[in-house]
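Let me begin by presenting the structure, written as structure tokens, before commenting on it.
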Ligand code: SF4
Ligand code: SF4
Ligand code: SF4
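See the structure below:
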């Protein structure tokens, strides 16, 4: 071949290679982006002190591509609600039931008489464990947005984030009362919900605890809505609750300990009944790039179950042996 | 008869032509209106991931991108994730407690436990640090917008070219902002 032609071919090849390298250098693809000089830096809060870790992750259950909404554990099963379905899953992860619902559920809990309670924005429906409907509440007003429900011995409590009230029902789902957490004799301000997060739970002593997220406070109410006690502080340190909508989820263990879950600086912690920190179940390092707080539940063996909304996983954490 | 038929055909043809012309006219006017519609660049706050490039890639210095505050969404929180840096010492206005690199966010006490946050646009460089903090810890009421009193409306917005989230889009000049839930006080 003519030397001139070879030279031209080589020149074209060199130009092509250089262009590809230049385009790659300038490209926007992940891994090629220059560091952000204004990056939000969690400044050491994204790593948990290993001495605080009380649990370790032992299992994950993938829950498919549907968007999870909430879950509960009871009678040896996991009850999961997704966009349109109620699903029952064994602790090993096998599907037991998948029931299509007429509407999108917003919250779930289990009663100790084999009842399953689902919230749907402005009403509640009670089922048996096979998904057969037992009772249905009257529809609430248009603003209602029930996002957390809990059984007490005689009552049912529902956190209505739309109206910023706790609603009280009997076990036949007849509404009896509601309260706003306000008081004219103390320093309470009612429920402050900056991000629409609002969770409640009832402990083994039939006591109602409600998160007041704007005050980073766990508040104990009488069944008639009188504030009796509270604990909690705002802090990025593990002892407190960070951000302005935390804790986003919580549950109460049979021994009275609180399991709390925070968004933003995503972490799940255990607090003694008094509120002092007991330890960290899963710190921010367990949720790389995570922003949303996982929902929390516990199985009969004391393992903590987390519903990871972003990864669409149920993650099971077992207590570390060295804690026992 | 023949003349009558001819006249009817002629009138019919005229009617069809008039209708045709009217439709063509309407289509023409609509096409003209559409093509004459002015478009401007804007940030879709629901796509923005707060990468920081709005501060560094605008042809304007400081950037034409500013933080705006959707007051109806804001929780007026004391511990504001967009105002306080994670390692804050006190929840107050001291410089060492502020997240914003230019102290462009003003914190004002309203009543216990509420605080209002206002953006001083002269100081804001559009870096999105507060936007990321607010989205992670709060409800995302702080977000970025291209301010049209500052933007040159470049033919090709240089931030749009660099934006990794394809968040910079063209919007009609008549509706030049995409505000999360309104931002009037
Ligand atoms: S470049 Fe895009 S993603 Fe980055 S801050 Fe600007 S709009 Fe947001
Ligand atoms: S943190 Fe950045 S975007 Fe937010 S107000 Fe300050 S300069 Fe503006
Ligand atoms: S159009 Fe030009 S001036 Fe306006 S934001 Fe983009 S780069 Fe800046």
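Chains as they are written, first to last, in the working numbering: chain A, 62 to 385; chain B, 4 to 188.
Cβ atoms here follow ideal geometry from the backbone N, Cα and C, with glycine treated the same way.
Runs of the beta strand (DSSP E) lying entirely within the stretch 319-381 of chain A and spanning at least 3 residues, in chain order: 319-323, 328-332, 338-343, 356-359, 365-369 and 374-380. Counting only residues of its own chain and dropping the five nearest sequence neighbours on each side, residue 124 (chain B) has a CB closer than 6 Å to the CB of 69.
Boundaries for residue 256 (chain A): no alpha helix (DSSP H) harbours it, and the DSSP string shows neither H nor E there. DSSP places residue 59 (chain B) in no beta strand (DSSP E) but in the uninterrupted alpha helix (DSSP H) bounded by 56-59. By the neighbour-count criterion, in which 16 or more other beta carbons inside 10 Å mark a residue as buried, residue 42 (chain B) falls on the exposed side. The beta carbon of residue 81 (chain B) sits closer than 8 Å to some beta carbon of chain A.
Collapsing the DSSP output to three states places residue 125 (chain A) in coil. Shown in chain order are the members of the stretch 109-120 of chain B whose Cβ falls below 7 Å from a Cβ of chain A: 116. Residue 78 (chain A) sits in a helix when the DSSP states are folded into three classes. Looking at the DSSP output, residue 161 (chain A) bridges to A:146.
Chain A has no Cβ within less than 8 Å of the Cβ of residue 70 (chain B). Contact of residue 352 (chain A) with chain B is assigned, a C-beta pair being separated by under 8 Å.
In the DSSP annotation of this structure, the continuous segment of the beta strand (DSSP E) that includes residue 69 (chain B) starts and ends at 68-72.
Residues of chain B with a Cβ closer than 9 Å to the Cβ of residue 348 (chain A) do not exist; the shortest Cβ-Cβ separation is about 12 Å.
According to DSSP, residue pairing for residue 209 (chain A) in a beta bridge involves A:220.
Sequence-distant Cβ neighbours of residue 106 (chain A) in its own chain, meaning closer than 6 Å and more than five residues away, are 297 and 326. Here the stretch 132-139 of chain A lies against the stretch 357-377 of chain A, with 3 or more beta-carbon pairs under 8 Å apart. Residues of the stretch 130-162 of chain B with a C-beta less than 8 Å from any C-beta of chain A: 130, 131, 132, 135, 136, 138, 139, 140, 141 and 142, listed in chain order.
Residue 180 (chain A) is positioned such that its CB atom lies closer than 8 Å to that of residue 219 (chain A). A straight line joining the alpha-carbon of residue 113 (chain A) with that of residue 272 (chain A) spans about 24 Å. At least one beta carbon of chain A lies nearer than 8 Å to the beta carbon of residue 78 (chain B).
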